[in-house]
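K.L.:
My structure is below; once you've seen it, I'll send some questions.
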């Protein structure tokens, strides 16, 4: 076996461990709570999507919310029962914000889902199974990191293309009071070790280092025994590391075990390392070898206010209240309350809120109520007495002693960061790498002025993130604004181009028409000369016909031109009457006035031509035959039929053209009647 | 005498050479547009609200570069004024109340969709195309893109647009700054 040289990280502190209180008894099974509150967003990434409805009966281990997106995790029913509500509830988070929770009333039977109970989901020879199958199983079982951050394990394992040299198992558990991983290793070392084997297979890591602080000799022994049981070759090693807070920080543990530093802003995978919590390994083993989803975890319940500090296996979603009751939580009364209590018993009702911390004393946060549920990442519930962990709300001025700099495990300059944070100099704080702060609280712990340094850093980190988001948004807004401006300009240009094209086309058409008319007149003249040369009869019979057609044509042209003129004039009047304020309308006015002028000219021209044509060819009385009228009548009827069809279609679709069509139909009917009258008259005359 | 002539000739030659280099550089490395305007534009919040009386952030940036006051941007508020003062090397001034007050929390427009008649007036008013919809179809605001500029509220004929404060989510929440608790003597808390 190769010897492992241990390294060390800068700073760190040695707070009182307070771990013995909760390691005296084995892990207890918590009695089933009457109601469970299961939040759908317990992990880093997108909250899961609820797939059950209120009133549904669910079985233990049943999927109740499926992952949404790549970085997300499934949520399962922790026990059998009925979904009584799906609603926004306060989350156990330092923000105190609300999130969607599935509330399940347990039926007390704790019945497993059939598939899980009969073991059909289990993968027996998991070390020979396909990696994808294993990763999918881990994903389906909703495994997330149990160390604290709650990153979905399947996502971490699915990192492809990265060469992983070393798998590091974080079993340091450096934070005072917490013993959940310690007890897990003592009692379930074999399961954890098999989980580690699965993770090694998935990452294809060459070796594996399990880092355990030397204050857990039982756990180290249990893990070593388990290692001998599962594994002959020695590429997994249990490494005892000196006790120092925060050696359980991911970057710190990597530095201790390998001497390598994770680059600023990077992830361990960049230097060929993947880190997993030992509890996660056990959960992975359960998911793969037993097919059981992550519905419970080991949580430490400790602190002087708890009569029986211990570790319990607790279902995810169990209200903290239930856990406290199990551990014999007695709310400590302050001197003031005791005084009041001796005066009158009424004061008993006005109890102050119990102070309960989720997580450890260094990195945990105070819960706003004891109704909040246990999450996948809740490794400890701390109920300290006032004396044990005094509330720190009085800070003195910074005396620039520099103790915080000595304590900082991330090798930052906490004092500088404090000044920058206090004065809101975000840019400078960023330049001093505030993003690398792991918020371990070592600086606050050593501060003789009791300045809540970490809170300043957390605020500043948040403010920097917010500023970056705002900057990104404003960049996006700029792009959108400029795109819109471009679009508006383009549209205006297109409109202008279209308008010019239309005018050009109209002028061209006008010119072509004039040319055609001139040509026609010339041809007519030529024809007339030709016709003159032919016999007089022919002139009477054949020459009259084109003349008559021309006459009619000219008449219709004149009518059309007059109608157009009227329209244009109307439009001009309308525009003049309407607000002629904007330049745009003035433009259109010009156009219409021009149109009026040209149309007026045309009308004049046509009228002249018509008069000339009439003069040159005295109107011949047209012989109207009965056939002609009948033909017209039939055509008219056809037209009416067509219009009717269109009208019905429009009616069906509820089109806007309905009134117009109605008008047209009426007109055509009128014409039909006229034609019928004509026919009758013709018949009469003939008779 | 000849040494003086040589010196003059040498200096003249050098002057011509450097002049040519400078002339070439001026053409080759010519900066398009005014870089100061872009820098100022980067500091402005890009709400395009027009509260500064210019039709957008870029025109205001151009005006500032031309010597206008830097305290006309209510959405940017104090932080923008300070950043502009830093950039331009002038004294920061308090926000000009004539152009409006700085909002405490970022706002976002919300259309009461049942009441929307689909007139598209707000779509035309939105400076960053953050409202979706078509004629006689319900409109809706793309909340992620909305800058809270208020410009869509006024044109709405049925008054169905509200400006609501942006909700805090678990992603956007962050810790408050600790209160200034520094006192000279420590008291034991009861």
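Residue numbers (my numbering), protein chains in the order written: chain A, 126 to 812; chain B, 12 to 201.
Where is the CB? At the ideal position from N, CA and C, for every residue including glycine.
In this text, all values refer to a predicted model and were calculated from it rather than measured experimentally.
Is the region 403-415 of chain A in contact with the region 320-332 of chain A, if contact means three or more CB pairs nearer than 8 angstroms?
P.N.:
They touch, by the three-pair rule.
K.L.:
Using 8 angstroms as the Cβ pair cut-off and three pairs as the minimum, do the region 376-392 of chain A and the region 348-356 of chain A touch?
P.N.:
They do not touch, by the three-pair rule.
K.L.:
Quick one: residues in its chain with C-beta nearer than 7 angstroms to the C-beta of residue 539(A), no 5 flanking neighbours on either side, listed in chain order?
P.N.:
529, 530, 533, 568, 578, listed in sequence order.
K.L.:
Give every residue of the same chain whose Cβ lies closer than 8 angstroms to the Cβ of residue 800(A), excluding the five residues on either side of it in the sequence, and list them in chain order.
P.N.:
Once the five neighbours on either side are set aside, the close Cβ partners of residue 800(A) are 754, 757, 758, 761.
K.L.:
May I ask you to check if the CB of residue 84(B) is nearer than 6 angstroms to at least one heavy atom of the ligand GTP?
P.N.:
What this structure holds is no ligand at all, so the ligand GTP is not there to describe.
K.L.:
Under a Cβ-count criterion, where at least 16 other Cβ atoms within 10 Å of its own Cβ denotes burial, should residue 301(A) be classed as buried or exposed?
P.N.:
Buried, because 16 or more other Cβ atoms sit within 10 Å of the Cβ of residue 301(A).
K.L.:
Are the CB atoms of residue 445(A) and residue 497(A) nearer to each other than 7 angstroms?
P.N.:
Yes. Within cutoff.
K.L.:
Counting only Cβ pairs nearer than 9 angstroms, list the residues of chain A close to residue 43(B).
P.N.:
Result: empty, since nearest Cβ-Cβ is about 15 angstroms, beyond 9 angstroms.
K.L.:
Could you give the distance in angstroms between the alpha-carbon of residue 324(A) and the alpha-carbon of residue 129(A)?
P.N.:
So the two alpha carbons sit approximately 21 angstroms from each other.
K.L.:
Taking Cβ positions, are residue 437(A) and residue 161(A) nearer each other than 7 angstroms?
P.N.:
Contact: no.
K.L.:
Indicate the three-state DSSP secondary structure (helix, strand or coil) for residue 469(A) in the structure shown.
P.N.:
Any answer about residue 469(A) is weak, because its pLDDT of 45 lies below 50 and its placement is not dependable; what the coordinates show is given next. If DSSP states are grouped into helix, strand and coil, residue 469(A) belongs with coil.
K.L.:
For residue 565(A) and residue 49(B), I'd like the C-alpha separation in whole angstroms.
P.N.:
Distance between the alpha carbons of residue 565(A) and residue 49(B): 41 angstroms.
K.L.:
To the nearest angstrom, report how far apart residue 242(A) and residue 501(A) are at their CA atoms.
P.N.:
Those two C-alpha atoms are separated by around 22 angstroms.
K.L.:
Report yes or no: do the region 332-347 of chain A and the region 162-179 of chain A share at least 3 C-beta pairs separated by less than 8 angstroms?
P.N.:
These segments do not touch.
K.L.:
Who does residue 370(A) pair with in a DSSP beta bridge?
P.N.:
In the DSSP output, where bridge partners are listed per residue, residue 370(A) has 138(A).
K.L.:
Residue 548(A) and residue 581(A): beta carbons closer than 7 angstroms?
P.N.:
No. Outside cutoff.
K.L.:
Could you give the C-beta distance for residue 179(B) and residue 58(B), rounded to a whole number, given that I count them as a contact under 8 angstroms?
P.N.:
20 angstroms between Cβ atoms; not a contact.
K.L.:
Going by DSSP in three states, residue 170(B) sits in which element: helix, strand or coil?
P.N.:
Coil, per DSSP.
K.L.:
Residue 123(A): buried (16+ other C-beta within 10 angstroms of its C-beta) or exposed?
P.N.:
With chain A running from 126 to 812 in the structure shown, residue 123(A) is simply not present.
K.L.:
Count the other CB atoms, across all protein chains shown, that sit within 10 Å of the CB of residue 158(A); report buried if there are 16 or more and exposed otherwise.
P.N.:
Residue 158(A) comes out buried.
K.L.:
Cβ closer than 9 angstroms: which chain A residues qualify as neighbours of residue 46(B)?
P.N.:
Residues of chain A passing the Cβ test: none, with the nearest at roughly 16 angstroms.
K.L.:
Based on DSSP bridge pairs, tell me the residues matched to residue 143(B).
P.N.:
According to DSSP, residue 143(B) bridges with 151(B).
K.L.:
Return no unless some Cβ of chain A is closer than 7 angstroms to the Cβ of residue 59(B).
P.N.:
Residue 59(B) counts as touching chain A.
K.L.:
On the criterion of 16 or more Cβ atoms from any shown chain inside 10 Å, does residue 147(A) qualify as buried, or is it exposed?
P.N.:
Answer is buried; the Cβ neighbour count reaches 16.
K.L.:
Which ranges does the alpha helix (DSSP H) cover as unbroken runs of at least 4 residues, wholly within the region 359-427 of chain A, from first to last along the chain?
P.N.:
Entirely contained in the region 359-427 of chain A, the alpha helix (DSSP H) runs reaching 4 residues are, in chain order, 375-383, 403-414.
K.L.:
Rounded to the nearest angstrom, how far is the Cβ of residue 137(A) from that of residue 371(A), given a contact under 8 angstroms?
P.N.:
Contact holds; Cβ gap of about 7 angstroms.
K.L.:
Measure the alpha-carbon distance for residue 495(A) versus residue 215(A) and round it to whole angstroms.
P.N.:
One C-alpha to the other measures close to 11 angstroms.
K.L.:
Report all residues from its chain with a CB closer than 6 angstroms to the CB of residue 360(A); omit the five preceding and five following residues, and keep chain order.
P.N.:
Here the set comprises 332.
K.L.:
If you count every other CB in all the chains shown that lies within 10 Å of the CB of residue 562(A), and 16 or more means buried, which is it?
P.N.:
Classification of residue 562(A): buried, given that the 10 Å Cβ count is 16 or more.
K.L.:
Does the CB of residue 580(A) have a neighbour CB from chain B at under 7 angstroms?
P.N.:
Closer than 7 angstroms: yes.
K.L.:
Buried or exposed: where does residue 281(A) fall if 16 or more other Cβ atoms within 10 Å of its Cβ makes it buried?
P.N.:
The residue in question, residue 281(A), is buried, as its Cβ has 16 or more Cβ neighbours within 10 Å.
K.L.:
How far does the alpha helix (DSSP H) with residue 766(A) in it extend, from its first residue to its last?
P.N.:
That run of the alpha helix (DSSP H) goes 751-778.
K.L.:
So, is the C-beta of residue 188(B) closer than 7 angstroms to a C-beta in chain A?
P.N.:
It does; some Cβ of chain A falls within 7 angstroms.
K.L.:
State buried or exposed for residue 271(A), treating a residue as buried only when at least 16 other CB atoms are found within 10 Å of its CB.
P.N.:
Classification of residue 271(A): buried, given that the 10 Å Cβ count is 16 or more.
K.L.:
Compare the C-beta of residue 231(A) against all C-beta atoms of chain B and say whether one is closer than 7 angstroms.
P.N.:
Cβ-Cβ to chain B under 7 angstroms: no for residue 231(A).
K.L.:
If contacts are defined as beta-carbon pairs under 8 angstroms, then residue 364(A) and residue 327(A) qualify, I think. What distance do you get, rounded to the angstrom?
P.N.:
Not confirmed; about 21 angstroms, so no contact.
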